[in-house]
Amino acid sequence: MLAYSTVNNLSDNELVALCNDGDAADAQRAFETLYARHKDYVVRIALRFGADHAGALDVLQETFLYLLRKFPPPGDGITLSAKLTTLLYPVAKNLTLTQTAKASRYSGDDIDPDSLEANDGNGNDVEGLFAGLTAERREVLMLRFVDGLSLEEIATVLDIPKGTVKSRLHSSVQQLRNSPKTKDFFD
Amino acid sequence: MGMDEENTLPESLVEKLRATDQDTSMITARVDREISETAAAQFKGRVRRRRSLPVWLATAASVLLAVFLVTNPFQDPLPTFSDHDGSGAVDIADVMALARRGDTAQADLDAFALQIVALGDSE
């Protein structure tokens with residue numbers, strides 16, 4: 001059985017390989033390490049798409065159960081061809097959208113992610129700075145500048161061509177450049 | 188200004204963008220434990236899997252093995268049906284001579300003896 005300190009030093013790819021082929025103890029430690037590394041990210045994605053706290057926790061559990069089911073048994077295992085976040089992002093996003101759509105059907109309210117408020121800890125409405133951006137443009141900005149994904153990785157998680165990512169990113173940055181609320185940041 | 192340069196944001200604006208992400212402190216130890224227990228249940232009893240060979244490699248190895256077994260150049264040749272005791276005839280005495288030499292497998296001696304008997308019958 002591998003020590004936690006050893007498992008902690010493994011890359012995501014190596015941890016996935018252990019989840020695929022390791023014995024019970026190693027596979028569990030590897031999975032727990034993947035969970036510890038990425039749980040905050042998954043919850044942030046759920047919150048970005050309008051989940052409340054309880055909903056975000058549901059999305060967290062469902063996302064990692066989805067990942068767990070990929071490993072044998074019962075799954076055949078997975079081979080990572082990109083960062084694990086490129087696999088987790090669409091799962092968490094789609095689970096959240098399904099969940100919020102259900103919630104809005106029951107409550108009769110339409111949830112508009114653009115209307116969510118956030119502040120920078122000093123009481124400043126940072127959400128207002130980006131209010132003019134469409135959800136699509138903001139998503140690309142978040143993936144590129146907050147999550148640090150490459151253009152190829154963004155294309156993968158959004159399942160769109162890289163050229164579309166590039167032009168969407170360009171339009172978003174131009175919009176912020178020209179917006180009265182954000183143009184001063186570029187000076 | 189190049190396209191890539193145009194597609195960057197000032198760090199101060201990236202900080203504001205980052206601040207739109209909400210706090211994730213609602214992830215409690217109970218949630219962690221539930222995930223851990225579910226994983227333990229799934230992996231329970233698992234032993235280290237051996238990666239199987241790719242099908243093409245296994246097929247190629249089987250073909251090579253079959254060819255080697257059929258044409259094995261290192262295999263001892265079967266004893267020839269010949270006049271081992273110098274009597275001028277190939278008969279059961281040659282089988283006895285081979286057996287006395289001690290370097291021929293019993294199965295080969297049996298085959299030789301059967302052949303001699305078969306030859307005798309046909310004559």
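Quick mapping for you: the protein sequence lines, in order, are chains Y and R.
For the first sequence, the positions run 1 to 187 when our numbering is used.
For the second sequence, the positions run 188 to 310 when our numbering is used.
Note that CB positions come from ideal geometry on N, CA and C, so glycine has one too.
Remember, predicted model here, so these are calculated numbers, not experimental data.
Note down, in chain order, every chain R residue with its Cβ under 9 Å from the Cβ of residue i.
i	result
residue 190 (chain Y)	Nothing in the structure corresponds to residue 190 (chain Y), since chain Y is present only between 1 and 187.
residue 65 (chain Y)	222, 225
Span of the alpha helix (DSSP H) holding residue i?
i	result
residue 38 (chain Y)	24-48
residue 287 (chain R)	279-288
residue 222 (chain R)	216-230
residue 160 (chain Y)	Note, residue 160 (chain Y): premise wrong, no alpha helix (DSSP H); not H, not E.
residue 9 (chain Y)	No alpha helix (DSSP H) holds residue 9 (chain Y); DSSP gives it neither H nor E.
residue 203 (chain R)	198-205
residue 255 (chain R)	242-258
residue 76 (chain Y)	Element bounds for residue 76 (chain Y): n/a, residue is neither H nor E.
residue 61 (chain Y)	53-69
residue 140 (chain Y)	135-141
residue 129 (chain Y)	126-129
Residues of chain R with a CB under 8 Å from the CB of residue i: which are they?
i	result
residue 188 (chain Y)	The requested residue 188 (chain Y) does not occur in the structure, where chain Y is confined to residues 1 to 187.
residue 44 (chain Y)	208, 209, 211
residue 176 (chain Y)	196, 200
residue 49 (chain Y)	Simply none; closest approach about 11 Å.
residue 92 (chain Y)	Near residue 92 (chain Y) there are no residues of chain R at all, since even the closest Cβ is about 12 Å away, more than 8 Å.
residue 173 (chain Y)	193, 194, 195, 196
Going along chain R in order, which residues have a C-beta closer than 7 Å to the C-beta of residue i?
i	result
residue 53 (chain Y)	213
residue 59 (chain Y)	Under the 7 Å cutoff, chain R gives no residues; its nearest Cβ is about 11 Å from residue 59 (chain Y).
residue 182 (chain Y)	200
Using CA atoms only, rank isn't needed, just tell me which of the options is closest to residue i.
i	options	result
residue 279 (chain R)	R:296, R:208, R:249	R:296
residue 131 (chain Y)	Y:175, Y:2, Y:58, Y:187	Y:175
residue 194 (chain R)	Y:101, Y:126, Y:145	Y:145
residue 168 (chain Y)	Y:136, Y:95, Y:19, Y:185	Y:136
residue 235 (chain R)	Y:73, Y:129, Y:32, Y:57	Y:73
residue 270 (chain R)	R:221, R:303, R:232	R:303
residue 203 (chain R)	Y:8, Y:99, Y:142	Y:142
residue 165 (chain Y)	Y:178, Y:181, Y:138, Y:183	Y:138
residue 211 (chain R)	Y:21, Y:45, Y:8, Y:19	Y:45
residue 233 (chain R)	Y:147, Y:22, Y:128	Y:22
residue 196 (chain Y)	Y:153, Y:162, Y:161	Coverage of chain Y is limited to positions 1 through 187, which leaves residue 196 (chain Y) absent and any answer about it impossible.
residue 180 (chain Y)	Y:140, Y:5, Y:129, Y:170	Y:129
residue 43 (chain Y)	R:229, R:230, R:218, R:231	R:218
residue 281 (chain R)	R:196, R:299, R:293, R:249	R:299
residue 209 (chain R)	Y:35, Y:75, Y:41	Y:41
residue 30 (chain Y)	Y:39, Y:37, Y:38, Y:19	Y:19
residue 39 (chain Y)	R:230, R:229, R:216	R:216
residue 229 (chain R)	Y:149, Y:33, Y:35, Y:75	Y:75
residue 88 (chain Y)	Y:64, Y:9, Y:127, Y:177	Y:64
residue 288 (chain R)	R:301, R:272, R:277, R:276	R:272
residue 55 (chain Y)	Y:32, Y:98, Y:78, Y:35	Y:98
residue 91 (chain Y)	Y:58, Y:133, Y:183	Y:58
List, in chain order, every chain Y residue whose beta-carbon is nearer than 7 Å to that of residue i.
i	result
residue 245 (chain R)	By Cβ distance, chain Y contributes nothing, its closest Cβ being about 18 Å from residue 245 (chain R), past 7 Å.
residue 289 (chain R)	Ordered by position in chain Y, no residue passes the 7 Å Cβ test against residue 289 (chain R), which lies about 52 Å from the chain.
residue 282 (chain R)	By Cβ distance, chain Y contributes nothing, its closest Cβ being about 57 Å from residue 282 (chain R), past 7 Å.
Closer than 9 Å by beta-carbon distance: list the chain Y residues that pair up with residue i, in chain order.
i	result
residue 218 (chain R)	39, 57, 60, 61
Residues of chain A with CB under 7 Å from residue i, in chain order?
i	result
residue 68 (chain Y)	Here the protein chains are Y and R, and chain A is not one of them.
Residues in the stretch 195-208 of chain R having any Cβ partner in chain Y nearer than 8 Å: 195, 196, 197, 199, 200, 201, 202, 203, 204, 205, 206, 207, 208
Would you call the stretch 22-34 of chain Y and the stretch 47-56 of chain Y touching, i.e. three or more CB-CB distances under 8 Å? no
Below 8 Å, can you find three or more Cβ-Cβ pairs linking the stretch 10-21 of chain Y to the stretch 80-94 of chain Y? yes
Take every Cβ of the stretch 62-69 of chain Y, pair it with every Cβ of the stretch 220-230 of chain R, and state whether three or more of those distances are shorter than 8 Å. yes
Between the stretch 17-40 of chain Y and chain R, which residues of the former have CB atoms less than 7 Å from a CB of the latter, in chain order? 21, 22, 23, 24, 27, 28, 31, 32, 35, 39, 40
May I ask you to verify whether the stretch 100-107 of chain Y touches the stretch 149-158 of chain Y, counting CB pairs closer than 8 Å and requiring at least 3? no
Could you run through the stretch 223-237 of chain R and flag, in chain order, every residue whose CB is less than 9 Å away from some CB of chain Y? 223, 225, 226, 227, 229, 230, 231, 232, 233, 234, 235, 236, 237
Check distances from the C-beta atoms of the stretch 124-148 of chain Y to those of chain R and list, in chain order, the residues that come in under 9 Å. 124, 126, 127, 129, 130, 138, 141, 142, 144, 145, 146
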